[in-house]
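*Asks:* This is the structure I have questions about; it appears just below.
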Amino acid sequence: MPSPPHLLCVEPSRLWRRLIDEVCSDFGIDCRHASGTLAALGCVVADQPVAILAGHEQPDLTATSLIAALRADRTFGSIPIAVLTSSHSQSVGGVYQPDRTILRDTEWLENVGAFLAPIRDAHSPHVLERKPRVLLVEDSATLQRIAARILHVAGYEVTIADHGVQALEILERNQFDLIFMDIEMPEMDGRETIRRIRSSGDTTPVIALTGHEREHFEAEALDLGFDAMCPKPIRRAAMIELSEQHVLVRERASSMSLVERDA
728 MPSPPHLLCV EPSRLWRRLI DEVCSDFGID CRHASGTLAA LGCVVADQPV
778 AILAGHEQPD LTATSLIAAL RADRTFGSIP IAVLTSSHSQ SVGGVYQPDR
828 TILRDTEWLE NVGAFLAPIR DAHSPHVLER KPRVLLVEDS ATLQRIAARI
878 LHVAGYEVTI ADHGVQALEI LERNQFDLIF MDIEMPEMDG RETIRRIRSS
928 GDTTPVIALT GHEREHFEAE ALDLGFDAMC PKPIRRAAMI ELSEQHVLVR
978 ERASSMSLVE RDA
């Protein structure tokens, strides 16, 4: 049986571990601990947390290494990560950045709370009994990270494909509640991919991710078989609204089908 949603704390200081335990308890979030970066990676693989709070300095590798390892992974790259630092000069360098950097100062409690609040809300048992599954088809690594984190924090389970060929391979083995798909991609673009999805009889809602102007592209998107379009640059509010709308419609359709079958 899968474990309940939990935060992984990677913090060498016993005092700070106790403080973070107390804050997580106040938010109703289970908190588990790892002794360092390498141990944390093992914990993530064994039992995926809904978020990670890590001290910048670790006994083995810094939090920068932890972030880089996770962000480069398709399965774990969207997990929200916050890093505790002692000063502004102790910033997290590198290509991959944390979702939040929290100073160990007088405002640390407020900032940790701001990091935990949306995670608590998204993973409340009263909100979701099962995480809706989303396939994100996007060739830009930057947009993959942005969109995946938006969806992950909102309580969705995200799988990433770099292009249409990869998406079709994933769809052969898995079912999803929703698909977000870019239009312009290498290997196979969104137009051909949606055509193949629909020709296979798959009715999963598919939302086009595009920089095209709505008035110029929306009619074409609907004709191609997309259910809606989400404009770029990606905005959190728009992506979440579209996700909730189409997942809810699919759930209602599934419920109606069960009712008709039992009638």
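Residue 728 is where the sequence shown starts when you use my numbering, and the numbers rise one by one after that. Using N, Cα and C, we set each Cβ at its ideal position, and we do this for glycine too. Everything numeric in this text was worked out from a predicted model, so none of it was measured.
Tell me, to the nearest whole angstrom, how far the beta carbon of V885 is from that of L878; I am working on the premise that it is less than 8 Å.
*Replies:* 5 Å
*Asks:* Using the Cβ count rule (16 or more neighbours within 10 Å means buried), how would you classify H783?
*Replies:* buried
*Asks:* Could you give the distance in angstroms between the alpha-carbon of P845 and the alpha-carbon of Q775?
*Replies:* In this structure, the CA atom of P845 is about 18 Å from the CA atom of Q775.
*Asks:* Between the region 821-838 and the region 941-949, do three or more beta carbon pairs fall short of 8 Å?
*Replies:* no
*Asks:* Taking the alpha-carbon positions, what's the A849 to H939 distance?
*Replies:* Straight-line Cα distance between these residues: approximately 31 Å.
*Asks:* Compare the Cα-Cα distances from V861 to each of S805, A778, D787 and report the closest residue.
*Replies:* S805
*Asks:* Enumerate, from N- to C-terminal direction, the unbroken alpha helix (DSSP H) stretches of 4 or more residues contained entirely within the region 877-957.
*Replies:* 891-900, 917-926, 941-951
*Asks:* I'd like to know whether the C-beta atoms of A955 and I934 end up nearer to each other than 9 Å.
*Replies:* Against a cut-off of 9 Å, the Cβ pair of I934 and A955 comes out as a contact.
*Asks:* With a threshold of 7 Å on Cβ separation, who are the neighbours of R745 within its own chain once the five nearest residues in sequence on each side are excluded?
*Replies:* Contacts found: none.
*Asks:* Taking E914 as the reference, which of D866, S927, I897, D929 has the closest Cα?
*Replies:* D866
*Asks:* By DSSP, does T802 sit in helix, in strand, or in coil?
*Replies:* coil
*Asks:* Out of curiosity, what's the CA-to-CA distance linking D739 and I924?
*Replies:* Going by the sequence as given, residue 739 is Pro instead of Asp. Looking at the two C-alpha atoms, the distance is approximately 49 Å.
*Asks:* State the start and end residues of the unbroken beta strand (DSSP E) segment that holds I779.
*Replies:* I779 -> beta strand (DSSP E) spans 778-782.
*Asks:* Beta-carbon within less than 6 Å of T764's beta-carbon, same chain only, minus the 5 sequence neighbours each way: which residues are those?
*Replies:* Q785, D787, L788, S792, L793
*Asks:* Can you give the beta carbon distance from I921 to M908, rounded, assuming they're within the 8 Å contact cut?
*Replies:* 7 Å
*Asks:* Rounded to whole angstroms, what is the Cα-Cα separation between C957 and A874?
*Replies:* C957 and A874: Cα-Cα distance of roughly 11 Å.
*Asks:* What do you get for Q902, buried or exposed, if any count of 16 or more other CB atoms within 10 angstroms of its CB means buried?
*Replies:* exposed
*Asks:* By the 10 Å Cβ neighbour count, where 16 or more other Cβ atoms means buried, how is G928 classified, buried or exposed?
*Replies:* exposed
*Asks:* Output the boundary residues of the alpha helix (DSSP H) element that contains D848.
*Replies:* 835-849
*Asks:* Which residue from L742, P825, V750, H760 puts its Cα closest to that of L735?
*Replies:* H760
*Asks:* Just to confirm the assignment, what range does the beta strand (DSSP E) spanning L768 have?
*Replies:* That residue, L768, is in no beta strand (DSSP E); its alpha helix (DSSP H) goes 764-773.
*Asks:* With 9 Å set as the bound, which would you pick, yes or no: does the beta-carbon of A796 sit closer than that to a beta-carbon of chain C?
*Replies:* Going by chain labels, chain C is absent from the structure shown, which holds only one protein chain.
*Asks:* Give the range of the beta strand (DSSP E) segment to which I808 is assigned.
*Replies:* 808-812
*Asks:* Who are the Cβ neighbours of K858 in its own chain at under 7 Å, not counting the five residues just before and after it?
*Replies:* G882, Y883, E884
*Asks:* Specify the secondary structure class of D757 as computed by DSSP and reduced to three states.
*Replies:* strand
*Asks:* T828 by DSSP, collapsed to three states: which one?
*Replies:* strand
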